[in-house]
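Engineer:
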Amino acid sequence: MNVLFVASELAPFAKTGGLADVIAALPAYLHRAGHQVLVVVPLYDTVDVSKAHFEAVFDTDLRLGDHQYQIKFFRVGSGPPIFFVHCPALFGRGRIYTSDSDEHRRFLALQFAAIILCQRMGFAPDIVHAHDWQTALLPMMIKTLFARDPLFAKTRSLLTIHNLNYQGSFPSAIGPDTNLGSVAHLFHNELLSAGRVNFLLQGVLYADGITTVSPTYANEIQTEAHGAGLDGFLRARRTTVVGILNGVDYGEWSPECDRLIPHRYSAADLTGKELNKQALLESLGLPYQPRVPVFGIVSRLVSQKGFNLIAPVMPELLRRHGFQLVVLGSGEPGLEDMFSRLQRAFPRQVCFYRGFKNDLAHLIEAGADAFLMPSVYEPCGLNQLYSLRYGTVPIVHRTGGLADTVRPWNPSSGTGNGFLFEHHDEAGLRWAVLAALAAYRDPAQWQTLIQNGMAQDFSWEVQGKLYEWVYQRLGEGN
Ligand code: ADP
Ligand code: GLC
Numbered sequence: 254m255n256v257l258f259v260a261s262e263l264a265p266f267a268k269t270g271g272l273a274d275v276i277a278a279l280p281a282y283l284h285r286a287g288h289q290v291l292v293v294v295p296l297y298d299t300v301d302v303s304k305a306h307f308e309a310v311f312d313t314d315l316r317l318g319d320h321q322y323q324i325k326f327f328r329v330g331s332g333p334p335i336f337f338v339h340c341p342a343l344f345g346r347g348r349i350y351t352s353d354s355d356e357h358r359r360f361l362a363l364q365f366a367a368i369i370l371c372q373r374m375g376f377a378p379d380i381v382h383a384h385d386w387q388t389a390l391l392p393m394m395i396k397t398l399f400a401r402d403p404l405f406a407k408t409r410s411l412l413t414i415h416n417l418n419y420q421g422s423f424p425s426a427i428g429p430d431t432n433l434g435s436v437a438h439l440f441h442n443e444l445l446s447a448g449r450v451n452f453l454l455q456g457v458l459y460a461d462g463i464t465t466v467s468p469t470y471a472n473e474i475q476t477e478a479h480g481a482g483l484d485g486f487l488r489a490r491r492t493t494v495v496g497i498l499n500g501v502d503y504g505e506w507s508p509e510c511d512r513l514i515p516h517r518y519s520a521a522d523l524t525g526k527e528l529n530k531q532a533l534l535e536s537l538g539l540p541y542q543p544r545v546p547v548f549g550i551v552s553r554l555v556s557q558k559g560f561n562l563i564a565p566v567m568p569e570l571l572r573r574h575g576f577q578l579v580v581l582g583s584g585e586p587g588l589e590d591m592f593s594r595l596q597r598a599f600p601r602q603v604c605f606y607r608g609f610k611n612d613l614a615h616l617i618e619a620g621a622d623a624f625l626m627p628s629v630y631e632p633c634g635l636n637q638l639y640s641l642r643y644g645t646v647p648i649v650h651r652t653g654g655l656a657d658t659v660r661p662w663n664p665s666s667g668t669g670n671g672f673l674f675e676h677h678d679e680a681g682l683r684w685a686v687l688a689a690l691a692a693y694r695d696p697a698q699w700q701t702l703i704q705n706g707m708a709q710d711f712s713w714e715v716q717g718k719l720y721e722w723v724y725q726r727l728g729e730g731n
């Protein structure tokens with residue numbers, strides 16, 4: 254099939270979270286499976302262009318309402334071709350996402366650029382695969398503005414929701430910038446009268462298929478508690494909504510071949526894991542003590558991730574049980590302050606590295622004993638999948654993709670790969686950490702836990718087939 258991928262992130266060039274990993278790995282899988290895939294992403298000024306050979310391919314003008322832009326396309330890639338959209342006026346902001354007044358135009362430009370690219374290349378997509386609000390107007394664009402272009406005559410659209418809480422909601426005054434004025438009646442009317450347009454909602458209304466990134470999250474987003482105001486619309490399309498767990502690119506994320514960690518290891522020989530633990534603690538200025546467990550966190554520091562439970566729970570546990578905690582992340586100032594205070598209170602036990610650092614993320618996965626993800630909600634979560642592969646036992650709140658991938662440890666049967674707490678509260682987190690500490694004290698138990706996790710396979714070779722199935726089904730709808 255011909256598949257067009259359009260997204261706002263792509264590892265290793267532009268990444269704030271798991272979306273970037275998915276956009277790097279899923280098209281690569283589809284390409285290996287014999288499909289023709291094009292990937293279109295913005296060329297932010299933060300992209301390190303020394304990472305690859307960027308070949309200029311062509312230029313175009315783009316008009317969005319009264320705004321005129323010059324766009325250049327650059328091509329990269331030995332696997333599926335990746336096209337970067339160069340438009341410094343929009344993507345030269347020093348960061349991937351902004352709250353600037355033209356944020357909507359930045360991603361409208363990406364979407365129109367993707368269509369123009371298909372037209373210039375004569376690429377007739379069977380599937381346009383959009384991801385999150387930044388590309389969620391594509392289904393509607395194809396069904397209206399480009400409906401008469403023979404290139405898109407057979408095109409079916411798929412919207413993957415990676416996070417329902419980011420919707421791209423803008424004042425309706427931006428309407429003319431969408432170039433969709435002639436079909437303005439297709440924007441959700443009640444919302445329009447209330448003065449808003451919501452890009453993700455338009456995708457939910459007009460995409461031929463909708464997927465999200467785990468089966469549990471697919472159910473959760475159809476409930477009021479997790480529906481972020483869109484649950485009714487998702488319920489109305491329930492037969493179309495499918496949950497497909499994200500895969501892992503084990504070429505990037507496995508301890509046998511990870512180029513970013515000092516000591517490689519495998520399930521058969523974990524010696525390297527202990528050496529990575531030493532290297533991790535040393536690099537962060539914490540003392541290494543054999544048999545003292547290290548807990549890791551690598552995360553965007555936003556309320557989604559549930560770190561509001563850390564301050565009320567961790568100090569007492571750290572004092573009583575003497576374990577160590579390494580945290581890598583950045584985000585909301587309140588959460589950054591909380592982790593800084595924790596570090597100041599426990600200078601030999603806690604290290605908070607504020608920032609985004611890919612090699613340290615890998616070293617934490619490899620060097621920590623356990624990995625904490627107390628997320629309030631988690632559409633899929635990739636870090637717990639990486640943790641399982643690295644023999645780093647996940648401790649998670651039972652929600653979304655965490656509920657689908659982490660199985661409770663049962664000491665009597667020796668089954669399970671981690672620790673889950675039911676309710677997102679202090680007692681829940683405290684219970685899970687204590688249960689993990691108890692298991693850690695018994696080396697035989699801990700070994701089994703590690704082996705159970707490392708034996709699992711969440712590769713794209715498995716998960717990618719489910720996307721092929723969805724594409725196939727959409728194609729048959731023609
Ligand atoms: P989300 O997409 O909600 O942020 P995921 O667990 O799906 O959560 O993916 C997070 C990805 O981002 C992982 O690859 C993780 O290693 C990476 N990551 C998050 N924060 C940082 C950071 N501060 N430094 C390096 N990598 C990070
Ligand atoms: C989002 C979600 C995360 C998911 C990622 C990739 O950022 O928060 O749970 O793993 O997208 O799909």
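Numbering (the working numbering), first residue to last: 254 to 731. Note that the Cβ used here is the ideal one computed from N, Cα and C, for glycine as well. Remember, it's a predicted structure, so these values are computed and weren't measured experimentally.
1) Cutting at 8 Å between CB atoms, please list the residues of its own chain near Ala400, excluding the five before and the five after it.
2) Given a threshold of 16 other Cβ atoms within 10 Å of its Cβ, counted over all protein chains shown, does Val300 qualify as buried or as exposed?
3) Assess, as a yes-or-no matter, whether the stretch 532 to 542 is touched by the stretch 303 to 319 under the definition of 3 or more beta carbon pairs within less than 8 Å.
4) Going by DSSP, what residues sit across from Pro661 in a beta bridge?
5) Using only alpha-carbon positions, find the residue among Ala366, Ser425, Gly496, Lys407 that is nearest to Val723.
6) Which residue from Ser410, Asn670, Pro333 puts its Cα closest to that of Met393?
7) At a cut of 8 Å, does the stretch 577 to 584 reach the stretch 604 to 611 through at least three beta carbon pairs?
8) With respect to the alpha helix (DSSP H) encompassing Lys396, which residues constitute its N-terminal and C-terminal limits?
9) Is it the case that the Cβ atoms of Ala267 and Val293 are separated by a distance below 8 Å?
10) Can you give me the Cβ contacts of Ile414 inside the same chain, cut-off strictly under 6 Å, excluding the 5 residues immediately before and after it?
11) Taking the beta carbon of Cys340 as the centre, do at least 16 other beta carbons fall within 10 Å, making it buried, or is it exposed?
12) Let's see if you can read the secondary structure: which residues bound the beta strand (DSSP E) around Lys325?
13) Just to confirm, are Leu595 and Phe560 a CB contact at a threshold of 8 Å?
14) Between Asp402 and Met254, which are expected to be in contact by the criterion C-beta below 8 Å, what is the C-beta distance as a whole number of angstroms?
15) Looking only at its own chain, which residues have a Cβ that is under 6 Å from the Cβ of Gly485, when we skip the five neighbours before and after it?
16) Answer yes if the stretch 500 to 508 comes into contact with the stretch 659 to 676, meaning at least three C-beta pairs across the two stretches below 8 Å, and no otherwise.
17) Alpha carbon to alpha carbon, how far is Phe440 from Leu453?
18) From Leu458 to Ser425, what does the alpha carbon distance come to, in whole angstroms?
19) At a cut of 8 Å, does the stretch 640 to 648 reach the stretch 561 to 575 through at least three beta carbon pairs?
20) Consult DSSP for Gln475 and reduce its assignment to one of helix, strand or coil.
21) Once the 5 residues before and after Pro540 are set aside, which same chain residues still bring their CB inside 8 Å of it?
22) Tell me whether Pro543 is buried or exposed, calling it buried when 16 or more other Cβ atoms sit within 10 Å of its Cβ.
23) Check whether the stretch 690 to 709 and the stretch 656 to 666 are in contact - that is, three or more C-beta pairs closer than 8 Å.
24) Considering only the beta carbon of each residue, do Asn416 and Asp385 sit closer than 8 Å?
25) Can the beta-carbon of Gly681 be found less than 8 Å from the beta-carbon of Gly654?
26) Mark Gly479 as exposed unless 16 or more other C-beta atoms lie within 10 angstroms of its C-beta, in which case mark it buried.
27) Going by beta-carbon coordinates alone, are His288 and Val256 separated by less than 8 Å?
28) As an exercise, report each continuous alpha helix (DSSP H) stretch of at least 4 residues that is fully enclosed by the stretch 288 to 361, in chain order.
29) When you compare only the Cα positions, how much space is there between Glu569 and Val302?
30) Between which two residues does the alpha helix (DSSP H) holding Ser640 run?
31) Give the list of continuous beta strand (DSSP E) stretches no shorter than 3 residues that lie fully inside the stretch 397 to 433.
32) Less than 7 Å separating the Cβ of Pro515 from some heavy atom of ligand 4?
33) Could you tell me the alpha carbon to alpha carbon distance between Asp590 and Asp274, rounded to whole angstroms?
34) How should Gly271 be labelled, buried or exposed, when 16 other C-beta atoms within 10 angstroms of its C-beta is the threshold for buried?
Structural biologist: Working from what's here:
1) none
2) buried
3) no
4) Gly671
5) Gly496
6) Ser410
7) yes
8) 391 to 396
9) no
10) Thr465
11) buried
12) 320 to 329
13) no
14) Going by Cβ atoms, the distance from Asp402 to Met254 rounds to 19 Å, so no, they are not a contact pair.
15) none
16) no
17) 11 Å
18) 17 Å
19) no
20) coil
21) Leu534, Arg601
22) exposed
23) yes
24) yes
25) no
26) A quick correction: the sequence has His, not Gly, at residue 479. The residue in question, His479, is buried, as its Cβ has 16 or more Cβ neighbours within 10 Å.
27) yes
28) 341 to 344
29) 46 Å
30) 636 to 642
31) 409 to 414, 422 to 424
32) Among the ligands in the structure shown, ligand 4 does not appear; only ligand 1 and ligand 2 can be found there.
33) 28 Å
34) buried
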